[in-house]
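Residue numbers (my numbering): 1413 to 1635.
For every residue, glycine included, the Cβ atom is placed at its ideal position computed from N, Cα and C.
I have placed the structure first, in the form of structure tokens, so that the comments after it can refer back to it.
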Amino acid sequence: MVRKLIQHFSRRATPQSEAAAPKQAPNHAGGYGFVLDDRARLERFLILGSEGGTYYVGERQLTVDSAKCVQRCLDADGIGTVELIADLSESGRAYKQDPAIFALAMAAGADQPATRAAALAVLPRVCRTGSQLLSFVDAVQHFRGWGRSLRRAVAGWYTARDVRALAYQMVKYRQRQGWSHRDVLRKAGGAIGPHSLAHEAVLRWIVDGIDGFDRERVVTRSG
């Protein structure tokens, strides 16, 4: 009889279906766990992502929950959140770069101008390859339009790179997510600032191929 009573109440063990501490909250497993703050949840998303979901929650729901967390972090501290995204991306701790690119695209479309500017400023830090840039371009379409600041940031990604490194990226990553570098440069071409003749040759080749060298100018320069 006593053992039956102990099964229902004990100070040494708490059933999974009940909270063991006031700070615990229901989780997706049907039990209770300690709640992570938004910054910790953001770090977990940037490192682990949401691909495949978990044992207890599907990929779609996990992605939606993570995106809402990213948005809350951007609303609370946009610039700090952008810096965290860039730092984690560069640290090598992330399983994949996709979560960081997704979060950066959200930041680039934030309501606060300072957050948008900070996101575009760290674009080269997060998108270090041509493939990652194309993934960002594809993602950012869902959060903002092609304003001048975005066009300048994307154009700067090309012109700021060493010309040999740029040519290598263009050859290795020709197309991703339905976007090619030709598509991107045609979108951002009007915002390309001063650049070297070597960059001019690479950019011209990207946009019009070898036939482009028979034309006077393909990629325009503007301040």
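Measuring CA to CA, which of the options is closest to residue i?
i	options	result
S1543	V1583, Q1553, R1505	V1583
Y1666	T1541, I1604, S1608	Outside the displayed range of the chain (1413 to 1635) lies residue 1666, so it cannot be described from this structure.
D1450	A1479, G1621, A1567	A1479
A1533	H1593, A1567, S1503, D1523	A1567
A1577	Q1589, A1610, T1475	A1610
D1499	R1472, E1455, T1527, A1526	E1455
A1526	R1573, Q1473, E1495, R1588	E1495
Q1524	S1503, Q1483, P1536	Q1483
A1565	P1536, R1586, Y1585	P1536
I1604	R1588, Q1589, R1563	R1563
E1612	R1573, Y1585, R1472, S1503	R1573
R1453	R1472, D1477, Q1473	D1477
Is the Cβ-Cβ distance between residue i and residue j less than 8 Å?
i	j	result
A1529	S1501	no
V1575	V1614	yes
L1545	W1569	yes
L1516	F1555	no
I1491	V1538	no
W1617	D1550	no
D1510	G1461	yes
W1558	K1599	yes
F1457	C1481	yes
H1593	T1571	no
A1506	I1459	yes
Within 8 Å (strictly less), CB to CB, does residue i reach chain C?
i	result
A1572	Among the chains of the structure shown, chain C does not appear; only one protein chain is present.
When DSSP builds the beta bridges, which residues end up paired with residue i?
i	result
Q1587	S1592
Contact defined as beta carbons within less than 8 Å: I believe residue i pairs with residue j. What is the distance between those atoms, to the nearest angstrom?
i	j	result
A1531	A1512	Rounded, the Cβ-Cβ distance is 11 Å, inconsistent with contact.
V1552	G1601	With a Cβ gap of about 17 Å, V1552 and G1601 do not count as contacting.
T1493	C1485	4 Å
Is residue i near the ligand FAD, going by C-beta to nearest heavy atom under 7 Å?
i	result
A1530	This structure lacks the ligand FAD; in fact it carries no ligand of any kind.
>> Ignoring anything shorter than 4 residues, give me the alpha helix (DSSP H) runs that lie fully in the segment 1480–1567, in order along the chain.
In response: Those alpha helix (DSSP H) runs which fall completely within the segment 1480–1567 and span 4+ residues are 1490–1503, 1510–1520, 1525–1533, 1535–1538, 1542–1552.
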